[in-house]
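Asker: Below: one structure in structure tokens.
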Amino acid sequence: MAKFHSIFDIIGPVMIGPSSSHTAGAVRIGLASRAIFGETPENVQITFFGSFAHTYKGHGTDLALIGGLLGLSTANPDIRYAYDLAKETGMKVKIVTSQEKMKHPNTAEVRM
Numbered sequence: 003m004a005k006f007h008s009i010f011d012i013i014g015p016v017m018i019g020p021s022s023s024h025t026a027g028a029v030r031i032g033l034a035s036r037a038i039f040g041e042t043p044e045n046v047q048i049t050f051f052g053s054f055a056h057t058y059k060g061h062g063t064d065l066a067l068i069g070g071l072l073g074l075s076t077a078n079p080d081i082r083y084a085y086d087l088a089k090e091t092g093m094k095v096k097i098v099t100s101q102e103k104m105k106h107p108n109t110a111e112v113r114m
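This is how it looks when you write it as structure tokens:
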């Protein structure tokens, strides 16, 4: 007998949108960076390459990555306030874009 899948399993992860790669993926990059660093960074420079560099404002990639650095989950609606939350915690954020060609179109460099 085949296992039943709900439409929600098929569509994708529970997340703040609009894009699983540009939003949920970016939160995961932030969470992984935070885990490696061991704490919330005081200063962070995020460089977006490729597709991230062209669409980060519209897709909220900057908010998502900052949210991940703050420890927010992919489903946390407070991601939309990431800049304010970063300021409240004393985290200074600088966003940079680059036209340098990378192996993957959704590349971010996080310096802490």
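Mapping to our numbering: the sequence shown position 38 is 40, numbers consecutive.
Quick reminder that beta carbons are idealized off the backbone N, C-alpha and C, glycines included.
All of these numbers come straight from a predicted model, not from anything done at the bench.
Quick check on Lys2: does DSSP put it in helix, strand or coil?
Answerer: Here the chain has residues from 3 to 114 only, and residue 2 is not among them.
Asker: In whole angstroms, what separates the C-alpha of Gly73 from that of Asp86?
Answerer: Rounded to the nearest angstrom, the two C-alpha atoms are 14 Å apart.
Asker: Near Glu102, what residues of its chain come up, given a Cβ to Cβ distance below 8 Å and the 5 sequence neighbours on each side ignored?
Answerer: Phe51
Asker: Assign Ala34 to one of two classes, buried (16 or more other C-beta atoms within 10 Å of its C-beta) or exposed (fewer than that).
Answerer: exposed
Asker: Write down the C-beta distance between Val98 and Leu71 rounded to the nearest angstrom, noting that I regard them as a contact closer than 8 Å.
Answerer: Not really, about 15 Å apart at Cβ, beyond 8 Å.
Asker: In this structure, what does DSSP give as the bridge partners for Phe39?
Answerer: None; Phe39 has no bridge partner.
Asker: Take Asn108 as the anchor and find which of Asp64, Lys94 and Met93 has the nearest alpha-carbon.
Answerer: Asp64
Asker: Expressed to the nearest angstrom, what Euclidean distance is found between the alpha-carbon atoms of His61 and Ser100?
Answerer: 17 Å
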